[in-house]
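Single-structure report; data block below.
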Amino acid sequence: MGYMLEIENVHKTFNIGTINEKVALNGVNLKLNEGDFVTIIGGNGAGKSTTLNAIAGVWPVDQGKLIVDGTDITRLPEHKRAAYLGRVFQDPMIGTAATMSIEENMAIAARRGERRGFGWGISKKEREEYKKKLKVLGLGLEERLSSRVGLLSGGQRQAITLLMAALKKPKLLLLDEHTAALDPKTAAKVLEISDKIIDENGLTAMMVTHNMKDAIVHGNRLIMMHEGKIIYDVSGEEKKSLSVSDLLAKFEEASGGEFANDRMLLA
Amino acid sequence: MIINYLSSLDPTALLRALPGNVAQGLIWGIMALGVYITFRILDFADLTVDGSLATGGAVAVMLIKGGMHPAVALIFAFLAGLAAGFITGMLHTAFGIPGILASILTQIALYSINLGIMGKSNQSIGIAQQNLVASLRYVTADDREIFFLKLILGCLLLVAFVYWVFGTEIGSAIRATGCNPQMARAQGINTNFTKVAALMFSNGLVGLCGGIYAQYQGSADVNAGRGAIVIGLAAVIISEVIFGKLCSGKRFSFAYTLSAVFVGAILYYVAYTLVLWLRMPSDYMKLFSAIVVACFLAIPYLKEKHAVKRRMAK
Ligand SMILES: Nc1ncnc2c1ncn2[C@@H]1O[C@H](COP(=O)(O)OP(=O)(O)OP(=O)(O)O)[C@@H](O)[C@H]1O
Ligand SMILES: [Mg+2]
Chain W
5 MGYMLEIENV HKTFNIGTIN EKVALNGVNL KLNEGDFVTI IGGNGAGKST TLNAIAGVWP
65 VDQGKLIVDG TDITRLPEHK RAAYLGRVFQ DPMIGTAATM SIEENMAIAA RRGERRGFGW
125 GISKKEREEY KKKLKVLGLG LEERLSSRVG LLSGGQRQAI TLLMAALKKP KLLLLDEHTA
185 ALDPKTAAKV LEISDKIIDE NGLTAMMVTH NMKDAIVHGN RLIMMHEGKI IYDVSGEEKK
245 SLSVSDLLAK FEEASGGEFA NDRMLLA
Chain C
-5 MIINYLSSLD PTALLRALPG NVAQGLIWGI MALGVYITFR ILDFADLTVD GSLATGGAVA
55 VMLIKGGMHP AVALIFAFLA GLAAGFITGM LHTAFGIPGI LASILTQIAL YSINLGIMGK
115 SNQSIGIAQQ NLVASLRYVT ADDREIFFLK LILGCLLLVA FVYWVFGTEI GSAIRATGCN
175 PQMARAQGIN TNFTKVAALM FSNGLVGLCG GIYAQYQGSA DVNAGRGAIV IGLAAVIISE
235 VIFGKLCSGK RFSFAYTLSA VFVGAILYYV AYTLVLWLRM PSDYMKLFSA IVVACFLAIP
295 YLKEKHAVKR RMAK
């Protein structure tokens, strides 16, 4: 069996040739097995989001290769890669279309990677299915199928985006600090839903977080990024037995004795 | 003096102008429908309209002069509009030109093309022309009820068609693109394709409107579309201000919204006539239209700003 995701020596520099030139990814290598759930930590600007964006194809990478389940996607445009990927963003506004209803958003997600034609945008049968899936969230959304998503709270929108990401089983689920904009209680709930969806569908997932405890508790593998590189990669028992202070120590070691930034300490 | 002025105004003149206003409003409503698609659904300020409207007229008139049935000529007016929208779409998506600029480039280019199609700046179809889809003379004819009935039916059919298109998978994809392109791409939608498709559909309707309007007027003019976008926006905005609340939250609310655009266009022409009736110089009509649109566009923004301020004060 091959890997679900292979990132080979990926480089990305923004604003090449200007004073704002910034090396964001400096030779990233990573291989994920099917069913791996990896959490990603690192300071601000370490390249976590850039890594996920490189996979999603928001822009082309400068160098390196991206392979999903044996398919080389390095040169595919973003909308074609979407066939393989489920994505949830930090900003709850980004994952859904605010002026469209809950069911319309879900129907769009259900057609990810398929040809869209002149068939009706949503069928009665789908509607029933969505109702069932929404009910599982326990947020009462199953009664509001035709409500505009823009009327919902950030947490509700994030929960729907998660459902949408898994409606059509993705080969890889990308979560970029998807609970960071939520209040602690809602964040915990959304995280719980994430775990459940990943578990029930047997998804391979990557989750960026600034919360070290979450990074340790969730998933079976943890990587730490620093200056565009993966500097630490643990899994299995070793990961489970990590403590927050272990991670802080690692971080300080990597950044050459520099203190971990505030956001990491607070987490 | 004021009394002189007032007594010189003839209320029956207003009434007499009403059928013409309705006909004109319904015809221009087709263009406004196109503007609604780009401006509201795709969130793209498309100025191609000013050019593609004249193109539709030019194509229709030249084909009719060449002996084609006026109704068939409308198909080509629609196709010409599609082509215009395609050019704007490609300039924007394939060549990365900002939307408004891309549409202005097409609009300018179309001016020359329209002159090329017609060979001169104005071409008219003879008074005796038969089988016109719409015409000024129908408005005063004895059986004008039938003309209006047909016109209204035609507009409703268009509403039904647009309603259907935006209910399909492709239509939903276009709506998602307009609302949130990032989400659309993450869900596998080729947003370049949907943008071009929407621009084509919109300008197709505008071309169709141009073709019908040229028949209505009995001539096509290279300047027919000047300021058309403002009229389209005015119709859309008037309809939203008056019917916005009424249309929302119901079943088929989208169909009501689309129909309201036609009413908005009619009201625009009623207001237009009213202003002329008050003997305001017609030279200022465009200024008047621009001010009306600017105000209505500004109202929601200012309202929101005011509301925020009040919330902060609390
Ligand atoms: N589209 C872009 N254009 C220019 N620079 C960018 C872009 N995206 C990211 N960068 C830069 O690349 C570097 C890495 O950014 P990235 O967003 O990956 O950090 P991160 O690890 O996600 O940090 P954070 O924890 O703050 O989200 C930063 O210096 C950032 O400013
Ligand atoms: Mg980030």
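Quick note, the sequences are listed as chains W and C, same order. The opening residue of the first sequence carries number 5 in this note's numbering; numbering runs sequentially from there. The opening residue of the second sequence carries number -5 in this note's numbering; numbering runs sequentially from there. All C-beta atoms, glycine included, are put in the ideal place defined by N, C-alpha and C. If you're wondering where the values come from, they're calculated on a predicted model, not measured in any experiment.
Among the options, which has the Cα closest to the Cα of residue i?
i      : options                        : result
C/N125 : C/S283, C/M279, C/A65, C/I(-4) : C/A65
W/K136 : W/F122, W/G121, W/N13, W/L167  : W/L167
C/L152 : C/A122, C/S196, C/L85          : C/S196
W/K69  : W/A101, W/N33, W/G99, W/A50    : W/N33
W/N57  : W/M211, W/L145, W/T165         : W/M211
C/A10  : C/V43, C/T134, C/F72, C/G83    : The question names Ala, but residue 10 of chain C is Arg in the sequence shown. Comparing Cα positions, the closest option is C/T134.
C/T100 : C/A178, C/G75, C/P13           : C/G75
W/E147 : W/Q162, W/S157, W/R131         : W/R131
W/A185 : W/G51, W/N215, W/S249          : W/N215
C/G161 : C/R245, C/C203, C/A292         : C/R245
W/I202 : W/D66, W/L177, W/V238          : W/L177
C/D332 : C/Y250, C/A218, C/F237, C/G83  : Residue 332 of chain C cannot be examined here, being either before or after the span of chain C that is shown, -5 to 308.
C/F237 : C/I223, C/V53, C/F256          : C/F256
C/V286 : C/L227, C/A222, C/I119, C/V29  : C/L227
W/I59  : W/K129, W/G90, W/S239          : W/G90
W/H230 : W/M104, W/E118, W/G144, W/E256 : W/E256
C/A48  : C/S283, C/F290, C/L199, C/Q181 : C/L199
C/V127 : C/S115, C/L143, C/G113         : C/L143
List, in order along the chain, the chain C residues whose C-beta lies closer than 7 Å to that of residue i?
i      : result
W/T103 : C173
W/H222 : The contacting residues do not exist; W/H222 stays about 22 Å from chain C at best.
For chain C, find out if any of its Cβ atoms is closer than 9 Å to the Cβ of residue i; answer yes or no.
i      : result
W/M216 : no
W/F93  : yes
W/H182 : no
W/M168 : yes
W/R267 : For W/R267, the predicted model reports a pLDDT of 49, less than 50, meaning its position is unreliable; a value from the coordinates is still stated below. It does not: the Cβ of W/R267 has no partner Cβ on chain C nearer than 9 Å.
W/N19  : no
What residues of chain W sit near residue i, judged by a beta carbon separation below 9 Å?
i      : result
C/A167 : I112, R115, R120, G125
C/T162 : R120, G121, F122, G123, W124, G125
Measure from the C-beta of residue i to each C-beta in chain W and report whether the shortest distance is under 9 Å.
i      : result
C/A249 : no
C/T185 : yes
C/A180 : yes
C/F89  : no
So which residues of chain W does residue i contact, with C-beta pairs closer than 7 Å?
i      : result
C/Q176 : I98
At a CB-CB cut-off below 9 Å, which residues of chain C make contact with residue i?
i      : result
W/E108 : S166, R169, A170
With residue i and residue j assumed to form a contact (beta carbons below 8 Å), what rounded beta-carbon distance in angstroms separates them?
i      : j      : result
W/Q94  : W/H182 : 6 Å
W/I225 : W/D40  : One point to set straight first is that residue 225 of chain W is Arg, not Ile, in the sequence displayed. Contact holds; Cβ gap of about 6 Å.
W/A101 : W/V153 : 7 Å
C/G90  : C/V190 : The pair is not a contact, with the Cβ atoms about 14 Å apart (cut-off 8 Å).
Handout entry: Under 6 Å, CB to nearest heavy atom of ligand 1: contacting residues
Key = W/F18, W/N19, W/K26, W/A28, W/G46, W/N48, W/G49, W/A50, W/G51, W/K52, W/S53, W/T54
Practice task
Could you list the residues in the region 59 to 91 of chain W with a C-beta less than 9 Å from some C-beta on chain A, going in chain order?
Solution key: Here the protein chains are W and C, and chain A is not one of them.
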